[in-house]
Structures are given as structure tokens and as C-alpha cells.
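Data block below; observations after.
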Amino acid sequence: MGEAAAPETVVVIDDDYAMRLSCCKILSKMGFGVEAFEDGTRGLEGVGRLKPGLIVVDLKMPGISGMEVISRVHEIDPQITIVVITGYATIDTAVEAMKCGAYDFLPKPFSPDELRLIVNRGLERRRLSLESQRCEVERAMLKRRFVTFVSHQLRTPLVAIHQYLDVLKHLGDTAEVAAKREEWIDRCLKRTDELQSLIADWLTLARVEGGTLTKERIKVDLKQLLPGILKTYEAMAAGEGVSLHAALSEAPLCVSGDWNCLTVLFDNLITNGIKYNRPGGKVTVSGWPAEGEVVVTVGDTGVGIPEQYRPFLFDEFFRIKDEGAKKTTGTGLGLHISKKIVAEMAGSLDFESQPGTGSTFRVRVPAWHEADVAKTGSSE
Amino acid sequence: MTRVEKRILIVDDDRDFVEATQAFLEANGFTVLKAHNGKDGVKLAKMERPDLILMDIMMDERTEGFFTIQEMRRQEELKGVPIFVISSLYTEMPDFDNPPDRAWLAHDEFLAKPVDMVQLVEKIRQRIGQPA
Ligand SMILES: Nc1ncnc2c1ncn2[C@@H]1O[C@H](COP(=O)(O)OP(=O)(O)O)[C@@H](O)[C@H]1O
Ligand SMILES: [Mg+2]
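Chains A and B, in that order, are what the protein sequence lines are. Adding 585 to a residue's 1-based position in the first sequence gives its number in the numbering used here. Adding 23 to a residue's 1-based position in the second sequence gives its number in the numbering used here.
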């Protein structure tokens, strides 16, 4: 990052003039900004002002003890790495210092190499710990945002239902509202369905992320799986005026995967092909083996995916809502889940699309190897 | 010229919410205008200058309502039009990162979804009166 370019500052606190001098010389040669102080009080003032990444402090000084310096420095910033310098006779104290939070100690006398080594190690540790702290914060923020978002998604249909019921309760007897009753009840039922599928999808996602859905690896022949799935959606497709077609190669299409996961995956792609289609349209599922992989494409003759939305298509909850988009129900989780499943299988999922003409989603996964049997066997 | 009609603009991307709220407001004598996203909301508000605006927050964009309120507050034509936020996000939303500036706090009332319709009408009446 940008700040990595700025030299790290190191502070030396030692009452011994010769020691201060030689430490400063060694450390500034290493490229650090160095400042030295002759006692704890001045040293602490310097630490507060300079915000160093590391300090080297003598344990035995007149005035404030080195031990106290350690705890006061960590009050200023717990991420400052502290190296203590001790005489031979005070190894016990050095151990004590480390218990108080010092990172390491240098027994006197020490060579320049020893100092260099310990300072570099100390700063490296500091960098790593800062980095992991930053990741932690970022992860917590993402999680918080996700929770707000999910609760909003769950509440939206509930709110709609509540609002209809509230109006029906207060105005159910008036002619205007009575005329709407049927329609509103239907809408309420639709919204409960929406809530159901949201919860179902969310659970599936949690299972995929937790690994419980993708754990099992068995030999699955897609030539058996896919026709079954297509059959399940025949009624839905007919309702939309869409026809379903399979174009699977003669050869078996065996992959190593989990039957349920693969079902979730192709369910999503096929229902999307139906939903985002047009009356009279087609959905074609093709499959063929290719160099150690199995490729399956799900093509439709539907609305297509406008260029500007493509980067977001696999994001959780993303749905296209522009004027051209058909009014369909959905959670926006299907493709996100599908992508995760395919990634888990060490495969890839991508798509091509022509707005107004249709889209084709392509799954590539490693083909089944007989050697996989052994792996599965031993893991059971 | 005094207008006896009281017009309320609802900006919300949930059509069911809009439909139910519209029915209740109309039954109470208000005239309802509606928009399903912030952009249309601003357009309609400038054109029609409603007496009051009900605003959702999370529409297509996570903070669309906030931006929309800001935009509306910049419009000369909309000076003095009260805006009520109706959102399922609880009040000040601590984790809403960096609202553009604090201008979105300019909303006049913050009501949690689901909103009690009777109470909503009450609050609207207090603010703009009952249509004749
Ligand atoms: N075959 C397709 N044709 C056009 N648009 C699609 C297609 N598949 C997905 N999309 C777009 O991507 C969005 C996300 O899809 P998905 O994650 O399956 O969620 P859902 O179908 O529940 O909305 C859909 O809302 C739709 O806008
Ligand atoms: Mg889908």
C-alpha cells in the first residue's frame, strides 16, 4: 500500500550514550527514521509524537523503568512492537518484560546483525498483525452489511402482506376495498411464496458456504441427471409458452460431484432460461465431454442480459430491474449459489448474451476419473 | 387559488406496498401519485409539486431514498414540501456507510415499516390537514 513506501520510524530509549549512538547508526543505515532518547519520560513523549512502528528500550534506566515504559507505550498504541535491551544478569527481567508485552529481547552486548535481525522480525510481525486486523474489520463490515441487506429482503414481502391486511382490516367493508379483496389475497399468497423461496435459497447458500452441500463426491452421470430435471420443469415451461430441448452427446457425461448440488445448479440455470424467455421461446440444454472436462450449456432465446449489468450477475441478491426486464419473481441468489457450487467443484461458470436474442450459460467441470473412487473411498 | 385536493406522492419500489397504502390514503380523501424509483420520484415531484412525499430508502440502490431526498431538497419547486421516510431499516442505521452528507437527515418524519396506516394518516393530517 501507499504507506509502505514511507520509512518506518524506530525509537531508541537508552541512558547509555554509546549504545544510543550505535543503535541509531545501525538502524538509520537500514533505512528507518530513528530518534533516540535518554530516559523513559522523554522517550514516551517521543513515542506519542512520532508514532513509531517499533521501539528499542533499555530495561535498566534511571527514572521511569523500562518495564513501565513498555506498559505506557502499549497504552499509546498496542500495535507498537517493543524490543528490550538487557544485561546478562537480568534475563529474568527480560522474561518478565516479555510477559508484559515486549516482543523480544537483546542481551548486551549484541552485534549489529543481531539488532538488524530482531528489528526486521519485529516489524514483519507488526505488519502481519496490522494486516489481519484490517481484514477482520473489513470482514465484520461486510457481514454487517449482509445482515442488514438480508433482513431487508426478508422484511419486504412481510411488510407488503402486513400492509394489505391492515387495509383489509380497517376498510374491508367498503365497496372499493371489497372489490380488491380477491386480488390482494392472491398477492399476499404470492408474497408468502416469495418469502419461502428466499428462506430456502438462503439456507442453500449457507449450506454451500458451510460445505455441507458439496462434501459428497460421487460419480454422477449428467446424462441421467439432466433429463430428469428437464422433466420437472416441463409444466412451468409450458405455462410460459417455452419449449425445453436436450442435446446431450452419445458418450456418458460423468463428473465427480454431489447429486443435490448439481441439481441445484441446473435447476437455477434452467428455470432462469424459462423465466427470462418469451412466449414461443426455447431452452436448450447441451452437454459434451472436452479434454478431461464436461461442458454443459443452457441456452435460451429470451430477453438477454444488457452489457451494463453483466459484472453484477453473480452477486448475491442481484436482479435486473430496468424497463426492459420482464416482471418475474426471484431472489437474486440463484446464480450466486450456482457460481459457488461450480467453484467448489473446481469448475467454471460463465455466460454469453445478446440482448433481445438470448443468453447461454456454460458450466465446465472436471470429468470423472476412475482414480477418484479411491479418494472417495478413503474419505468415507 | 386554493387547492382543496391534498396530493401525496409515494416513492417505493414495492408495488404491493404502494397499492395498499394508496388504497388507504384514497379512502381517507387524499389523492395519490406514485413512483417506483428515486429518479421518477424527483421528476414527478417537480412536475406535480405534491403536498407531501412518502419515501422508501432501499430501492434499486441501497441508499436510493437518501440520495433522492437530497436531490429533492435541492429543488426550488419543492421548498417546504414535507418528506416522510417509511423504511424497514431501523431509524438511524448505524451501519449505513458514509451517507453523502447529513442532508438526508432533513426528512421530517421517520416511520418504520410495516407502518400503522391509521397512524400514518393521522401524521399526514397533522402536517398538511385534511382534504376538503
Ligand atoms: N437466462 C437469463 N436471461 C436473462 N437474464 C437472466 C438470466 N439468468 C439470470 N438473469 C438475470 O440475472 C438475475 C439473477 O439471477 P438469479 O441469481 O438466478 O436470481 P433470480 O432468478 O432469483 O432473480 C435475474 O434476476 C435476471 O435479471
Ligand atoms: Mg434464478
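Even for Gly, the Cβ is constructed at its ideal location relative to N, Cα and C.
- Pairwise C-beta distances place the region 661 to 680 of chain A in contact with the region 634 to 644 of chain A, as three or more of them are shorter than 8 Å.
- Taken through DSSP and simplified to helix, strand or coil, A:Ile665 comes out as coil.
- In this structure A:Phe695 does not touch A:Ala679 by the C-beta definition: roughly 12 Å separates them, more than the 8 Å allowed.
- Closer than 7 Å to some heavy atom of ligand 1: that describes the Cβ of A:Lys860.
- Comparing alpha-carbon positions, the option among A:Tyr894, A:Val950 and A:Lys925 lying closest to A:Ala875 turns out to be A:Val950.
- The Cβ neighbour count for A:Asn853, taken over all protein chains shown within 10 Å, is at least 16; the residue is labelled buried.
- With fewer than 16 other Cβ atoms inside 10 Å of its own Cβ, A:Pro812 counts as exposed.
- A:Glu630: member of the alpha helix (DSSP H) spanning Gly625 to Leu635, first to last residue.
- In this structure, the straight-line span from the alpha carbon of A:Asp600 to that of A:Pro692 is close to 16 Å.
- At a cut-off of 8 Å between beta-carbon atoms, B:Pro137 makes contact with chain A.
- Around the beta carbon of A:Gly651, 16 or more other beta carbons sit within 10 angstroms, so the residue counts as buried.
- For A:His747, the closest of B:Leu32, B:Asp37 and B:Ile31 by C-alpha to C-alpha distance is B:Asp37.
- Bridge pairing for A:Val642: A:Ile598 and A:Val669 [DSSP].
- Taking a C-beta cut-off of 7 Å against chain A, the contacting residues of the region 29 to 40 of chain B are Asp37, Asp39 and Phe40, listed in chain order.
- B:Ile33 is positioned such that its CB atom lies closer than 8 Å to that of B:Val55.
- Straight-line spacing of the CA atoms in A:Leu920 and A:Leu934 works out to 9 Å.
- Check the Cα spacing between B:Phe90 and each of B:Pro73, B:Lys62, B:Glu71 and B:Met70: the tightest is with B:Lys62.
- In this structure A:Asn705 is exposed. Its beta-carbon is surrounded by fewer than 16 other beta-carbon atoms within 10 angstroms.
- Between B:Lys146 and B:Glu94, the alpha-carbon positions lie close to 24 Å from each other.
- Distance from the Cα of A:Glu709 is smallest, within the candidate group A:Asp843, A:Glu892 and A:Glu593, for A:Glu593.
- About 7 Å separates the Cβ atoms of A:Val880 and A:Arg947, confirming a contact at the 8 Å cut-off.
- A check of alpha carbon separations from A:Thr848 across A:Gly616, A:Ser834, A:Ile922 and A:His954 identifies A:Ile922 as the nearest.
- Cα atoms of A:Lys925 and A:Glu794: separation of roughly 8 Å, rounded to the nearest angstrom.
- Chain A has no Cβ within less than 8 Å of the Cβ of B:Leu134.
- With a threshold of 7 Å, the Cβ atom of A:Ile855 does not count as near ligand 1, since no heavy atom of the ligand is closer than that.
- Going by C-alpha positions, A:Thr914 is about 11 Å away from A:Asn857.
- Looking at the DSSP output, A:Glu937 bridges to A:Thr945.
- If you check the CB distance, A:Gly625 and A:Ile649 come in under 8 Å.
- The contact set of A:Val744 on chain B, defined by CB atoms closer than 9 Å, consists of Asp37, Asp39, Phe40, Ser111, Lys136, Pro137 and Val138 in chain order.
- Restricting attention to alpha helix (DSSP H) runs no shorter than 4 residues, the region 753 to 841 of chain A encloses them at 760 to 795, 807 to 817 and 819 to 825, ordered along the chain.
- For A:Lys906, the C-beta contacts it makes with chain B under 7 Å involve Asp83, in order along the chain.
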